[in-house]
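First residue of the sequence shown: 1, per the UniProt record's numbering; consecutive thereafter. Below: one structure, written as structure tokens.
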Amino acid sequence: MPRLLLAIFISTIWVTGYFHSANAQTTDAKLKTDIGEVLKNNPDLIIEALKGHEEELYDLLQTGLVKKNKSRIRNNRLAQLKNPKTAALHPKRPVWGNPEGDISIIVFSDFQSATCSKADKIIQQLLKKHPEINYRFRHNPLGLYKMSRPAALYYEALALQSNEKAKRFNHLVLKNRLKIKKGGRNFLDKLALETGADLHRLHKDITSAKVNSTVDNDIRESRKLGFTASPVFLVNGVTITGAAPLVEFEEVFKMIRQQ
1 MPRLLLAIFI
11 STIWVTGYFH
21 SANAQTTDAK
31 LKTDIGEVLK
41 NNPDLIIEAL
51 KGHEEELYDL
61 LQTGLVKKNK
71 SRIRNNRLAQ
81 LKNPKTAALH
91 PKRPVWGNPE
101 GDISIIVFSD
111 FQSATCSKAD
121 KIIQQLLKKH
131 PEINYRFRHN
141 PLGLYKMSRP
151 AALYYEALAL
161 QSNEKAKRFN
171 HLVLKNRLKI
181 KKGGRNFLDK
191 LALETGADLH
201 RLHKDITSAK
211 VNSTVDNDIR
221 ESRKLGFTAS
231 PVFLVNGVTI
241 TGAAPLVEFE
251 EVFKMIRQQ
């Protein structure tokens, strides 16, 4: 009955409003106000009318939340373009893509994070699709995984031998994180050997002050930037968090070029 009354009421308001508008030029705003006032005073009519449509209502609310969240994120990123976050480039450390490209991506990552592993697949797609990108890897192990720091030390020690070996090792580590969790340093050795590493030198370098300070400096920089999760990407100073889809990166590229 309440749903029927609601339908009758709205229909009546609409019809009378239509003719009244024709004769007295009642505005749409007045019609909306009238309907809104009745619904405000009789909220049970709304609840009753929506019964049986819970799934549609949920989907509608979710769509609204997604749109609102996207709008908020976009506005935050536009603000960041005016005041970008900056991180040290360290040009001697490994760089993927085009070092002279106009899109610079720096990631603060954790080698043992499932999200970081997933995000690496997106980055590989971006590098293939966009030759204007340069990409740099920095460390932000969260302390949740035993092998995160050892993997970071191996990577930096291997970079002392060859940036190309380090880049290949980077991909292998992110691809095999579960095997590393199970196999520990022995499995890291296996992956390092696949890149052609000098294992004796590698074992020596992972204990060096230079390699450890490189990892520690990355962690300090991530904290200074306010990053408490991994991965976080800096795209020309604009942040993207987590395993964001390729299209989200491309939206940021577009924003950068429109500035």
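Glycine residues also receive a C-beta, built at the ideal position from the N, C-alpha and C atoms. Source: prediction; values computed, not measured.
Report task. Find out if the Cβ-Cβ distance for the pair residue 114, residue 165 is shorter than 8 Å. Result -> no
Query raised in the report: Do you know offhand how far residue 185's Cα is from residue 205's?
Result: 14 Å
Query raised in the report: Under the three-state reduction of DSSP, which class applies to residue 239: helix, strand or coil?
Result: Residue 239: strand per DSSP, three-state reduction.
Query raised in the report: Are the stretch 237-254 and the stretch 116-129 in contact at 8 Å, needing three or more beta carbon pairs?
Result: yes
Query raised in the report: Helix, strand or coil: which one does DSSP assign to residue 206?
Result: coil
Report task. Given a cut-off of 8 Å, decide if residue 233 and residue 38 are closer than it, judged by their beta-carbon atoms. Result -> no
Query - Three-state secondary structure assigned by DSSP to residue 162 - result: If DSSP states are grouped into helix, strand and coil, residue 162 belongs with coil.
Requested in this report: Answer yes or no: do residue 140 and residue 218 have a C-beta to C-beta separation smaller than 8 Å?
Outcome: Contact: yes.
Query raised in the report: With 16 as the cutoff for other CB atoms within 10 Å, does residue 257 come out buried or exposed?
Result: Residue 257 sits exposed, since fewer than 16 C-beta atoms from the chains shown fall within 10 Å of its C-beta.
Requested in this report: Kindly identify the DSSP beta-bridge partner or partners of residue 104.
Outcome: 134
Query raised in the report: Should residue 247 go down as buried or exposed, given a rule of 16 or more other Cβ atoms within 10 Å for buried?
Result: exposed
Query raised in the report: When you compare only the Cα positions, how much space is there between residue 180 and residue 191?
Result: 9 Å
Query raised in the report: By Cβ distance below 6 Å, which residues in the same chain neighbour residue 148 in space, the five residues on each side in sequence not counted?
Result: 110, 111, 112 and 141
Query raised in the report: Which residue's Cα is closest to the Cα of residue 83: 146, 238 and 227?
Result: 238
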